[in-house]
Every structure is written in C-alpha cells, then in structure tokens.
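Chemist: If you're matching positions, the sequence shown starts at 0 in numbering that gives the first Met the number 0 and goes up one per residue.
Quick reminder that beta carbons are idealized off the backbone N, C-alpha and C, glycines included.
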Amino acid sequence: MSLLIIISCIDLHTFEIHDVMNFLLLGAGIIISLAYPHFYLKSSHLDSLFISIKGALAGGAVIFLLRVFGKIVFKKEAMGEGDIFLAAGIGSFVGWSNLFFVFFSASVAGVIVGIILRIIKGQEYIPFGPYLSLGAVTCIFWGQKFWDMILSGMVP
C-alpha cells in the first residue's frame, strides 16, 4: 500500500507513473505469492505464483486494450503506459478474479471525481493511477465481502 500511495501522489502531480515504482509493485506481488501462498488462499507456492502471474497479465491486458480502443475512439491518449504496468502490479496482488472489482470501483471513483473537477475547475483530464490504487485497496479490504453479498443475492 505504501507503493500505491507514492504512485498515486506522483501521478496526481505529474500525470506520470514511473516504471521503477510499477516494477517494484509487480515484483513484490510475485515474491509475496511465492513466499506466502496462503495470501492467495492456496497451500502450493506454484499455485499462488500462477494466480499472481495471471492477475498481472490480465490487469495489464485490460488497460492495454482500453488504451488502444480509447485512442481509436477518442483520437487521443485515453490511458498512459504507466497505467498498464500499475494494473499489472495490482493484478499480481489481487489475482485475475478480483480485477473486475478493482476496475469497477476505480472507474466509479474516477468518474465521480472527474465530473466534480470538470464542473468546478473545468479540468478535462485526470490521472487514473490514484483510482486504480483506490480500487486495489478497496478490493483488498472489502472485495470478499462484496462478492459474498452478490453471490448470496444480497445486493447492498
């Protein structure tokens, strides 16, 4: 979470996410998957490593595709390259199955703040990294509770 805070602060001020920070996050996710398989609810180190790698690949792929399609549709950059690696790093921690929750909560928060900033300041662009980070933290603390409610039919 410390890296997510640092990445978010830098992105808010510069609209850039440094590769070093993203690779530290990605590396930490992979190392933790090997060292602590129970973090991924697995007993096998290899199983947790695969969850981490699949999460990293899926996270990066989703943002990469959003970047490509955004450029086609809007004729300008919709996502930065740093967001791709940030999503990969987050995916290495939460696994591919939790990325929907991360992306959904990040998008909702980003849209709300983006609309407010557009109305108040006329600001057109916002960095997405802080919202991805917020989505990751939200997923880690409340993601399982959310899925339990959805699967039991109790939508909040």
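Which residues in the same chain as Ala172 place their Cβ atom closer than 7 Å to its Cβ, once the five residues preceding and following it in sequence are excluded?
Modeler: Limits of the chain in this structure are 0 at one end and 155 at the other, which puts residue 172 out of reach.
Chemist: Check whether the region 7-19 touches the region 109-129, taking contact to mean three or more Cβ pairs, one atom from each stretch, closer than 8 Å.
Modeler: Enough Cβ pairs lie closer than 8 Å, so yes.
Chemist: Out of curiosity, what's the CA-to-CA distance linking Phe145 and Met0?
Modeler: Rounded to whole angstroms, Phe145 to Met0 spans 20 Å at the Cα level.
Chemist: Determine, using beta carbons only, whether Leu33 and Leu2 come nearer to each other than 8 Å.
Modeler: No, the Cβ-Cβ distance between Leu33 and Leu2 is not below 8 Å.
Chemist: Provide the residue span of the alpha helix (DSSP H) that contains Leu150, from first to last.
Modeler: Where Leu150 is concerned, the enclosing alpha helix (DSSP H) stretches over Gly128 to Leu150.
Chemist: Express the C-alpha separation of Gly134 and Phe100 in angstroms, rounding to a whole number.
Modeler: Answer to the nearest angstrom: the Cα atoms are 7 Å apart.
Chemist: Identify, in the order they occur along the chain, each residue of the same chain with its Cβ nearer than 8 Å to the Cβ of Ile50, setting aside the five sequence neighbours on each side.
Modeler: Around Ile50: Ser32, Tyr39, Lys41, Gly94 and Trp95.
Chemist: Taking Cβ to Cβ, would you say Met20 is nearer than 8 Å to Ile5?
Modeler: Yes, the Cβ-Cβ distance between Met20 and Ile5 is below 8 Å.
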